[in-house]
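Residue numbers (UniProt numbering): 1 to 135.
Structural data, given as structure tokens:
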């Protein structure tokens, strides 16, 4: 794809649990964004936990990257989205080993308010509005 489109593809690995806790991967994402390339034509993509890092870079970290990098598109796959909704509203017909609602709500209460960890908290009012995103 890179040859056909003329795109430059950078694959940045990041720290994963259990060695990295909470925001252990965020500094690596910031570091990758400092690599030299055309800062006005950047797309980012991520899978699973990398999806979260991708959305954080395209939203919550966007203001910090202003003047250095302009992320035009975010491509995400298999990440945690929709955490702003109450877990009780997301049910399946026959759950198998479902997590208790109190635990899911506790997780959301700890995770969702931090825009650097939970991109759904990033808003246009804070200068972190969403970029075009393919999920």
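Glycine included, each C-beta is placed from N, C-alpha and C at the ideal position. Note that the structure is a prediction, hence the values are computed from the model and not measured.
Note the first and the last residue of the continuous beta strand (DSSP E) segment covering residue i.
{"i": "residue 75", "result": "71-77"}
{"i": "residue 46", "result": "42-47"}
Can you tell me which of the options puts its alpha carbon nearest to the alpha carbon of residue i?
{"i": "residue 112", "options": "67, 87, 66", "result": "87"}
{"i": "residue 49", "options": "77, 59, 39", "result": "77"}
{"i": "residue 40", "options": "90, 70, 104", "result": "70"}
{"i": "residue 79", "options": "90, 100, 55", "result": "55"}
{"i": "residue 43", "options": "7, 105, 94", "result": "7"}
Is residue i helix, strand or coil by DSSP?
{"i": "residue 87", "result": "helix"}
{"i": "residue 62", "result": "helix"}
{"i": "residue 6", "result": "coil"}
{"i": "residue 67", "result": "coil"}
For the alpha helix (DSSP H) containing residue i, name the first residue and the last one.
{"i": "residue 105", "result": "101-111"}
{"i": "residue 94", "result": "Note, residue 94: premise wrong, no alpha helix (DSSP H); not H, not E."}
Can you check whether the CB of residue j is closer than 8 angstroms to the CB of residue i?
{"i": "residue 75", "j": "residue 110", "result": "no"}
{"i": "residue 83", "j": "residue 108", "result": "yes"}
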